Amino acid sequence: MPSSGWDWTDFQEHALKAQRATLRDSLSQVDAEELFEGFSKQLEDLQDENRRLKEEINRQATVAITITQPDISNVGFLGSVAKEIYPGEIIDRVRLAVYTAIFAAETSGVDERSLAIWEEIVQHTPRSPALDELLSDLSRATKDPKRVANEVTSLLERHGYRAKSDNKHVRLEPQNGYVGLKSLTVSKTPSDSRGLKNLCKQIERTLGISKLPAD
Numbered sequence: 023m024p025s026s027g028w029d030w031t032d033f034q035e036h037a038l039k040a041q042r043a044t045l046r047d048s049l050s051q052v053d054a055e056e057l058f059e060g061f062s063k064q065l066e067d068l069q070d071e072n073r074r075l076k077e078e079i080n081r082q083a084t085v086a087i088t089i090t091q092p093d094i095s096n097v098g099f100l101g102s103v104a105k106e107i108y109p110g111e112i113i114d115r116v117r118l119a120v121y122t123a124i125f126a127a128e129t130s131g132v133d134e135r136s137l138a139i140w141e142e143i144v145q146h147t148p149r150s151p152a153l154d155e156l157l158s159d160l161s162r163a164t165k166d167p168k169r170v171a172n173e174v175t176s177l178l179e180r181h182g183y184r185a186k187s188d189n190k191h192v193r194l195e196p197q198n199g200y201v202g203l204k205s206l207t208v209s210k211t212p213s214d215s216r217g218l219k220n221l222c223k224q225i226e227r228t229l230g231i232s233k234l235p236a237d
């Protein structure tokens with residue numbers, strides 16, 4: 023019996039040699055040699071196929087590792103660009119830029135390779151769930167006309183703003199590091215439902231979150 027350390031091809035070769043010795047007793051020398059050469063050719067073919075399969079398995083394993091463990095080092099700098107008003111904001115804005123580029127690709131004469139890469143970026147970078155949470159929170163904060171000033175102030179202080187209040191208004195100014203944010207003014211005077219909806223839309227536009235693309 024072959025030792026446990028033999029691989030499959032070693033075992034096959036050993037079996038062929040044993041079979042050759044057995045055939046010598048029952049066949050002529052010429053017949054045995056021809057038969058052995060045929061077996062040897064089959065063994066070589068099997069060894070070639072075995073090597074090919076191993077190479078294919080190794081290639082597929084490398085591809086799988088690349089897919090399941092993407093290299094994000096090239097986008098690591100995004101975290102230091104600016105403070106985010108919600109987790110994932112910067113990536114969402116990169117997606118917006120890519121969407122805009124895709125829509126303008128035909129008129130801009132962009133090459134097919136660039137367009138394909140942009141589409142892959144959009145497909146593999148879903149919109150941040152934190153954006154949907156912020157939109158929902160903002161909608162709730164602008165429901166009650168008697169509490170809208172307090173609710174909006176409390177919400178936006180968690181998303182990059184600081185408040186300065188006077189008798190009739192709350193002025194919300196961006197904290198340091200939140201580049202591009204504009205100040206907001208919220209009236210303390212109760213408003214009707216239409217005014218509350220307009221306020222909600224105004225805040226979305228000021229935050230720049232109204233046009234961020236969905237998945």
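Using my numbering, read the sequence shown as starting at 23 and increasing by one per residue. Using N, Cα and C, we set each Cβ at its ideal position, and we do this for glycine too. These numbers come from a predicted model, not from an experiment.
Going by beta carbons, residue 108 and residue 156 fall inside the 8 Å limit.
About 7 Å separates the beta carbons of residue 194 and residue 208, which is inside the 8 Å limit, making them a contact pair.
Counting only residues of its own chain and dropping the five nearest sequence neighbours on each side, residue 190 has a CB closer than 8 Å to the CB of 209, 210 and 211.
Assigned with DSSP and collapsed to three states, residue 196 falls in strand. Pairing residue 162 with residue 218, the inter-Cα distance amounts to about 10 Å.
Look at residue 209 here: in three-state DSSP terms it is strand. In the structure shown, residue 152 falls within a helical segment according to DSSP collapsed to helix, strand and coil. With respect to the C-alpha of residue 111, the residue from 79, 141 and 154 having the closest C-alpha is 154.
Around the Cβ of residue 202, a 10 Å sphere holds fewer than 16 other Cβ atoms; the residue is exposed.
By the 16-neighbour rule on beta-carbons within 10 angstroms, residue 146 is exposed.
Annotation: residue 75 to residue 36 spans about 22 Å, alpha carbon to alpha carbon. The criterion of a C-beta distance shorter than 8 Å is satisfied by residue 197 and residue 184. Within the model, the alpha-carbon separation for residue 192 versus residue 224 is close to 15 Å. In the three-state DSSP reduction, residue 163 falls in the helix class (H, G or I).
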